[in-house]
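Each remark here refers to the structure printed beneath this line.
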Amino acid sequence: MNLKSVLIAAAAILSPVAASAQDWTGYYLGAEATRAQGDSSADVTLGGQWSSESAALRNGVTALWSTELEPDGFGGAIFGGYNHEMSSGMVIGFEASYAFLNAEASRLTPQTVATSTFPALTYSVGNSAEINSAFNLRGRLGYDFEPLMAYVIVGYSWADATFGAEILSNGGYSKIGESSESVGGVTWGLGGAWRLNPNWSVRAEYTRTEYEDGEFATTYRPGSTFTSPAYTETFSQDLSLDTLSIGFTWHY
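Numbers -21 to -1, 1 to 231, taken from mature numbering (1 follows the signal peptide of the UniProt record, and there is no 0), label the letters of the sequence shown in order.
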């Protein structure tokens, strides 16, 4: 087979004319690469023996420990679903997917003065957020521009997330907390798919998911001072993710 024959065969496979003869009705499977980037704000509430400390110290520790993280990472996903194209060109569909997001962020401060009222008392504090994977159920509504289908996405996502926090003072006060849980949230976004031939298409999507808050508390590390009466810290940590994905779909 010469070069001319190869180019003619490739043009036939990728031809929009051939692809446009195919509507989007039917089942499909696919895989995609993802880039997830988000925001996760941690808000700490001090309780227990903290009430005996000055307002300046409590406010200083709270401000030092409450922070915003930006977890991000590269991953991938597998998906499957069904589309139905109407005679008008409108396309409705339903899809389920499982994504490996691998998005994380963390920080640990050096020993820092929490308030000028007590310059000799310093704290090192840390926060972390990690989103490992997510299961998604989504509906979509689009239009067939032959061979391009553009669509909007609305759905729900459940993510496996781990949130953490820690504190260590120069006086030996040492605590740590972590929560691994499934958090749910509403997803919306935009996408486009380009039909390459009757059996294959390539797609790109942007989605945003606002997850519910994660809740957890700290516990004393072995050897910590001031263990009794107890100081308590509880965290509420929110999470939102923006995800870009590019993938291939097999239609059957």
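All residues carry an ideal CB built from backbone N, CA and C; glycine is no exception.
For residue i, name the three-state secondary structure that DSSP assigns.
i, result
"residue 220", "strand"
"residue 30", "helix"
"residue 10", "strand"
"residue 93", "coil"
"residue 228", "strand"
"residue 118", "strand"
"residue 87", "strand"
"residue 151", "coil"
"residue 48", "strand"
"residue 36", "helix"
"residue 166", "strand"
Please report the distance separating the alpha-carbon of residue i from that of residue j.
i, j, result
"residue 219", "residue 17", "5 Å"
"residue 165", "residue 15", "16 Å"
"residue 95", "residue 43", "13 Å"
"residue 48", "residue 66", "47 Å"
"residue 70", "residue 8", "17 Å"
"residue 76", "residue 11", "10 Å"
"residue 38", "residue 86", "20 Å"
Output needed for residue i: all residues of its chain with C-beta closer than 6 Å, excluding positions within five of it in sequence on either side, in chain order.
i, result
"residue 188", "136, 164, 166 and 220"
"residue 104", "43, 44, 88 and 146"
"residue 172", "128, 180 and 182"
"residue 143", "107 and 157"
For residue i, write down the residues that DSSP places opposite it in a beta bridge.
i, result
"residue 205", "DSSP lists no partner for residue 205."
"residue 23", "214"
"residue 77", "57 and 114"
"residue 142", "108 and 158"
For residue i, I'd like the list of residues in its chain whose CB is within less than 7 Å of its CB, leaving aside the five on either flank, ordered along the chain.
i, result
"residue 35", "94 and 96"
Notebook entry, point to check: When the Cβ atoms of the stretch 53 to 61 are set against those of the stretch 70 to 87, are three or more pairs found closer than 8 Å?
Noted result: Yes, the stretch 53 to 61 is in contact with the stretch 70 to 87.
Note to self: Quick test of the definition: if touching needs 3 or more C-beta pairs under 8 Å, does the stretch 120 to 127 touch the stretch 154 to 163?
What the structure shows: Because the criterion of three Cβ pairs below 8 Å is not met, the stretch 120 to 127 and the stretch 154 to 163 do not touch.
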